[in-house]
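Below: the structure, in structure tokens.
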Amino acid sequence: MACDGSNHVVKMPSKSSSPITALAIGNLRGRIRMRPELIAIAADGFLQCVCPPYTHDSSVYSQTVQSNIAAAYVMDVDGDGQEELVVIMTDRVVRSFRWSVENSRLLPVNKWEVPNQISAFSIGESVTSLRNAEVWLSQLRARFYVCVPFSGQQPTVIYPQNKDVGSDVMLIPFRSHYIHIMGTIISNIVIVGKVLDE
Numbered sequence: 001m002a003c004d005g006s007n008h009v010v011k012m013p014s015k016s017s018s019p020i021t022a023l024a025i026g027n028l029r030g031r032i033r034m035r036p037e038l039i040a041i042a043a044d045g046f047l048q049c050v051c052p053p054y055t056h057d058s059s060v061y062s063q064t065v066q067s068n069i070a071a072a073y074v075m076d077v078d079g080d081g082q083e084e085l086v087v088i089m090t091d092r093v094v095r096s097f098r099w100s101v102e103n104s105r106l107l108p109v110n111k112w113e114v115p116n117q118i119s120a121f122s123i124g125e126s127v128t129s130l131r132n133a134e135v136w137l138s139q140l141r142a143r144f145y146v147c148v149p150f151s152g153q154q155p156t157v158i159y160p161q162n163k164d165v166g167s168d169v170m171l172i173p174f175r176s177h178y179i180h181i182m183g184t185i186i187s188n189i190v191i192v193g194k195v196l197d198e
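According to the UniProt record's numbering, the sequence shown is numbered sequentially starting from 1.
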């Protein structure tokens with residue numbers, strides 16, 4: 001079946017005048033919805049979740065979260081079987097949210113502040129434990145990267161021993177699920193295994 005756009009495109013009414021700054025897809029409200037949802041987040045923090053096919057306004061879940069979200073990803077970051085929403089913000093912050101069945105809304109789980117503006121990030125399995133996930137943040141013109149474990153521990157700033165690593169390099173874990181570059185020039189990608197600086 002060919003998709004000509006006439007039957008497969010639906011315009012949802014906008015409830016926010018701010019532009020959409022982040023899109024994600026995942027089973028965020030997994031115990032309510034049993035299939036992936038499209039999540040759109042506007043610059044003012046207005047979040048909308050819709051499970052296609054969109055039929056009417058009541059099929060859209062809306063909530064206001066933090067503003068200035070630049071990127072988002074949905075995955076089970078702590079291995080409990082429920083997917084979380086991970087957001088990267090323009091003000092040097094990474095946050096995670098989890099759907100609460102009892103409250104019928106997303107609740108904040110963790111917040112991490114990092115030392116510099118975030119230029120690129122990747123989310124993958126932990127290099128120290130395959131049961132956990134972590135996010136690696138590359139920062140423009142910084143000769144370090146920040147590792148944020150989703151276990152709730154504080155971020156770790158890591159300075160690679162290889163002095164040839166320049167400021168235009170993105171470091172990613174060897175089992176990355178998602179990579180996002182936020183408007184910066186990356187000339188090289190270095191994949192890091194269990195032994196750092198491979």
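Beta carbons: idealized from backbone N, C-alpha and C, even for Gly.
Legend entry - Nearest neighbour of I186, chosen from V146, S67, E134, F121 [CA to CA]: Along the sequence shown, read from residue 1 onward, the residue named residue 186 stands at position 186. That would be F121, whose Cα lies nearest to the Cα of I186.
Inset, instruction - Evaluate N27 with the Cβ neighbour count: other Cβ atoms within 10 Å of its Cβ, from every protein chain shown; 16 or more gives buried, anything less gives exposed. - result: Indexing the sequence shown from 1 puts residue 27 at position 27. The residue in question, N27, is buried, as its Cβ has 16 or more Cβ neighbours within 10 Å.
Inset, instruction - Report yes if the C-beta distance between V77 and A43 is below 8 Å; otherwise report no. - result: Translated into the one-based positions of the sequence shown, residue 77 becomes position 77. Translated into the one-based positions of the sequence shown, residue 43 becomes position 43. Not in contact: V77 and A43 (Cβ atoms no closer than 8 Å).
Inset, instruction - Could you say which of V190, V50, L106 lies nearest to T64 if we only look at CA atoms? - result: The count along the sequence shown starts at 1 and reaches residue 64 at position 64. Closest by alpha carbon: L106.
Inset, instruction - Starting from the Cα of P52, find the closest Cα among S62, I172, I39, T21 and give me that residue. - result: In the sequence shown, counting from the first residue as 1, residue 52 sits at position 52. Comparing Cα-Cα distances from P52 to each of S62, I172, I39, T21, the minimum goes to I39.
Legend entry - Classification of P35 by the beta-carbon crowding that lies within 10 angstroms, buried from 16 upward: The count along the sequence shown starts at 1 and reaches residue 35 at position 35. The sequence shown places Arg at residue 35, not Pro. It counts as exposed.
Legend entry - Any beta strand (DSSP E) of 3 or more consecutive residues that is wholly inside the stretch 93–154: 93–100, 105–113, 120–125, 133–138, 145–149
Legend entry - Straight-line Cα distance separating V148 from A22: By 1-based counting over the sequence shown, the position of residue 22 is 22. By 1-based counting over the sequence shown, the position of residue 148 is 148. In a straight line, the C-alpha of A22 is about 20 Å away from that of V148.
Legend entry - Length at least 3, wholly inside the stretch 14–70: the beta strand (DSSP E) runs in chain order: 20–26, 37–42, 46–50, 60–64
Inset, instruction - Within the same chain, show all residues whose beta-carbon is closer than 6 Å to that of V157, passing over the 5 residues directly before and after it, in chain order. - result: As a first step, residue 157 must be located in the sequence shown, where it is residue number 157. Excluding sequence neighbours, V157 sits near F144, V146.
Legend entry - W136 versus H177 - alpha carbon distance: As a first step, residue 136 must be located in the sequence shown, where it is residue number 136. As a first step, residue 177 must be located in the sequence shown, where it is residue number 177. Those two C-alpha atoms are separated by around 12 Å.
Inset, instruction - Compare the C-alpha of S17 against each of I25, G45, W112, E37 and name the closest. - result: What you label residue 17 is simply residue 17 of the sequence shown in a count that begins at 1. Cα-wise, what sits closest to S17 is G45.
Inset, instruction - Count the other CB atoms, across all protein chains shown, that sit within 10 Å of the CB of M1; report buried if there are 16 or more and exposed otherwise. - result: To locate residue 1, count along the sequence shown from 1; it is residue 1. The predicted model places M1 with a pLDDT of 33, which falls under 50 and marks its position as unreliable; any figure quoted below should be read in that light. Looking at its Cβ environment, which holds fewer than 16 other Cβ atoms inside 10 Å, M1 is exposed.
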